[in-house]
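Numbering (our numbering) for the sequence shown: 47 to 345.
Backbone N, C-alpha and C fix where the C-beta goes; we use that ideal spot for every residue, glycine too.
Because the structure is a prediction, the values reported are computed rather than measured.
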Amino acid sequence: MISSVSNYISNNRQCESKDTVAFGSTLKSVDSTTPADEYVSSSKITQKGNKNLLIALGGLTLSGLSLLVALKLGKSSQINKAMHAIDTKFADLFADIPKARKTFSKVFLRDISEAETVEMLNRYKEIEKLGVTASKDEYFKAIYNEAKNNYGLGSLPTEFKLSDKPFAGNSNILGFTDPLGDVHIRANLSKSEGFNTIHHELRHLKQRYYAYHYAPEEYVKASQPKNFDIPQEVFEHIFGSPMGKNGIPKAYLKFAENSAISTSNYCPASASTSGYFTQWAEKDAYKAGNDITNFFGIV
Numbered sequence: 047m048i049s050s051v052s053n054y055i056s057n058n059r060q061c062e063s064k065d066t067v068a069f070g071s072t073l074k075s076v077d078s079t080t081p082a083d084e085y086v087s088s089s090k091i092t093q094k095g096n097k098n099l100l101i102a103l104g105g106l107t108l109s110g111l112s113l114l115v116a117l118k119l120g121k122s123s124q125i126n127k128a129m130h131a132i133d134t135k136f137a138d139l140f141a142d143i144p145k146a147r148k149t150f151s152k153v154f155l156r157d158i159s160e161a162e163t164v165e166m167l168n169r170y171k172e173i174e175k176l177g178v179t180a181s182k183d184e185y186f187k188a189i190y191n192e193a194k195n196n197y198g199l200g201s202l203p204t205e206f207k208l209s210d211k212p213f214a215g216n217s218n219i220l221g222f223t224d225p226l227g228d229v230h231i232r233a234n235l236s237k238s239e240g241f242n243t244i245h246h247e248l249r250h251l252k253q254r255y256y257a258y259h260y261a262p263e264e265y266v267k268a269s270q271p272k273n274f275d276i277p278q279e280v281f282e283h284i285f286g287s288p289m290g291k292n293g294i295p296k297a298y299l300k301f302a303e304n305s306a307i308s309t310s311n312y313c314p315a316s317a318s319t320s321g322y323f324t325q326w327a328e329k330d331a332y333k334a335g336n337d338i339t340n341f342f343g344i345v
């Protein structure tokens, strides 16, 4: 028995090696604010020179202020334009709640009510607006938290990690989901790439969740990196006590079976590009990522 599962997880989340980038990956930076009188008082020049210098500096200061105001107004105009475009787009999405509900239910693989659909649309709208003013890292984190909850996985003790370096030295890998359920994304992705990849990778987490509950022993065996062994208690800490085939809701049984088979027979892109793209796990995740991205018109 592990004395501290949390400590084990913390110490062993070393999942950016070539061995662990396997299941569930996604392929493809003069100061015009200085007071004029301060500058003049330190210069040994004539009174006439002082006057001329003050006039010159005053002109520079006014020009600098004018430029600053113009830049701020321009940026403000761009922000207002972007916010208006978001409002307009979401007004159209709110006009067809049945379509939104159907899309969300398929992508997140659960029955979503009309009321929850409206709530989700409102949250995505606010996140899109956040993307206009906040940093890209903040935007990606907000998307991860929202999508993880929407997938019904919000309570899982998994993490979101951004990387400045290529995964396993391969710049074509946009992200991956490691054996402990953590989602890794490249920090240099565009906002649309990040939006799609995060939803793609969290679909893989959904696959992992059901694969574990469908066939826990097989899942643990198939999820072992070459560098170290992960005890089953760790997976149980992350995913909960195994439900077994009989404990999985009937509506998710086929998905769980496919997830279990794919986990045990996963083909990384490094082994076969065609095998990677044609396997069930990737076709399922790519469809989820593309469907939600296209629905929101993220470009």
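Helix, strand or coil, according to DSSP, for residue i in the structure here?
{"i": "T204", "result": "coil"}
{"i": "S209", "result": "strand"}
{"i": "F241", "result": "helix"}
{"i": "S266", "result": "A small correction: the amino acid at residue 266 is Val; Ser does not occupy that position in the sequence shown. Helix, per DSSP."}
{"i": "K221", "result": "First, the amino acid is wrong: residue 221 is Gly here, not Lys. Strand, per DSSP."}
{"i": "R156", "result": "coil"}
{"i": "E84", "result": "Only weak support exists for where E84 lies, its pLDDT of 23 falling under 50; the coordinates are left without a value."}
{"i": "I231", "result": "strand"}
{"i": "N216", "result": "strand"}
{"i": "T79", "result": "Confidence at T79 is low in this model, with a pLDDT of 34, below 50, so its placement is unreliable and the value that follows should be read with caution. Residue state, collapsed to three classes: coil."}
{"i": "G343", "result": "coil"}
{"i": "P144", "result": "helix"}
For residue i, which of the options has the nearest alpha-carbon?
{"i": "S308", "options": "A331, P288, D138, N168", "result": "A331"}
{"i": "I219", "options": "L226, F285, R232, D210", "result": "R232"}
{"i": "G293", "options": "Y322, A141, S318, A261", "result": "A261"}
{"i": "T179", "options": "D157, A137, R147, N126", "result": "N126"}
{"i": "C313", "options": "G200, A302, P288, A327", "result": "A327"}
{"i": "P288", "options": "A297, S305, A257", "result": "A257"}
{"i": "V280", "options": "T149, T204, F301, N273", "result": "T204"}
{"i": "N242", "options": "K121, I284, F136, T339", "result": "T339"}
{"i": "G343", "options": "Q124, D138, N273", "result": "D138"}
{"i": "I132", "options": "E174, S122, S305, P144", "result": "E174"}
{"i": "N304", "options": "S316, A315, K291", "result": "K291"}
{"i": "N273", "options": "S122, P225, A297, T319", "result": "P225"}
{"i": "L358", "options": "Q124, Y190, A306, K211", "result": "Shown here, the chain extends from 47 to 345; a query on residue 358 therefore has no answer."}
{"i": "G200", "options": "P295, D228, H130, G221", "result": "D228"}
{"i": "E263", "options": "A297, A306, P271, K211", "result": "A306"}
{"i": "R254", "options": "N216, N311, D275", "result": "N311"}
{"i": "T149", "options": "Y197, T134, K182", "result": "Y197"}
{"i": "G221", "options": "L251, A302, N195", "result": "L251"}
{"i": "K194", "options": "S181, K182, R156", "result": "R156"}
{"i": "S151", "options": "A297, Q325, A317", "result": "A297"}
{"i": "F206", "options": "N216, P212, S217, T223", "result": "T223"}
{"i": "L299", "options": "S122, E165, Q124, H259", "result": "H259"}
{"i": "E165", "options": "E192, S181, F285", "result": "E192"}
{"i": "T72", "options": "S122, S123, P295, N216", "result": "N216"}
Which same chain residues, not among the five before or five after residue i, have their C-beta less than 8 Å away from its C-beta?
{"i": "L176", "result": "E184, Y185, A188"}
{"i": "S209", "result": "E62, H230, I231, R232, A233"}
{"i": "V345", "result": "S238"}
{"i": "S49", "result": "Per-residue confidence for S49 stands at a pLDDT of 44, beneath the threshold of 50, marking its modelled position as unreliable; no derived number is given."}
{"i": "I276", "result": "N58, P225, L226, V266, S269, Q270"}
{"i": "F285", "result": "L202, G227, R254, Y255, Y258, H259"}
{"i": "M129", "result": "K175, V178"}
Please work out which residues of its chain come closer than 7 Å, Cβ to Cβ, to residue i, disregarding the five sequence neighbours upstream and downstream, and give them in chain order.
{"i": "R147", "result": "I158, E160, T163"}
{"i": "A334", "result": "V153, H245, H246, R249"}
{"i": "K329", "result": "none"}
{"i": "F136", "result": "L167, K171"}
{"i": "Y322", "result": "C313, P314, A315, E328"}
{"i": "F140", "result": "L167"}
{"i": "F301", "result": "L155, Y256"}
CB-CB under 6 Å to residue i, same chain, minus the five flanking residues each way: which ones, in chain order?
{"i": "Q278", "result": "V266"}
{"i": "P144", "result": "none"}
{"i": "F341", "result": "T149"}
Using a Cβ-based criterion (distance less than 8 Å to any ligand heavy atom), does residue i qualify as near the ligand MG?
{"i": "A334", "result": "In the structure on display, the ligand MG does not appear, and there are no ligands present to speak of."}
* Would you call the region 262-272 and the region 232-249 touching, i.e. three or more CB-CB distances under 8 Å? -> Output reads no: the region 232-249 does not touch the region 262-272.
* Along the chain, which unbroken stretches of the alpha helix (DSSP H) at least 4 residues long are found entirely within the region 276-340? -> Segments of the alpha helix (DSSP H) lying fully in the region 276-340: 278-285, 296-310, 319-324.
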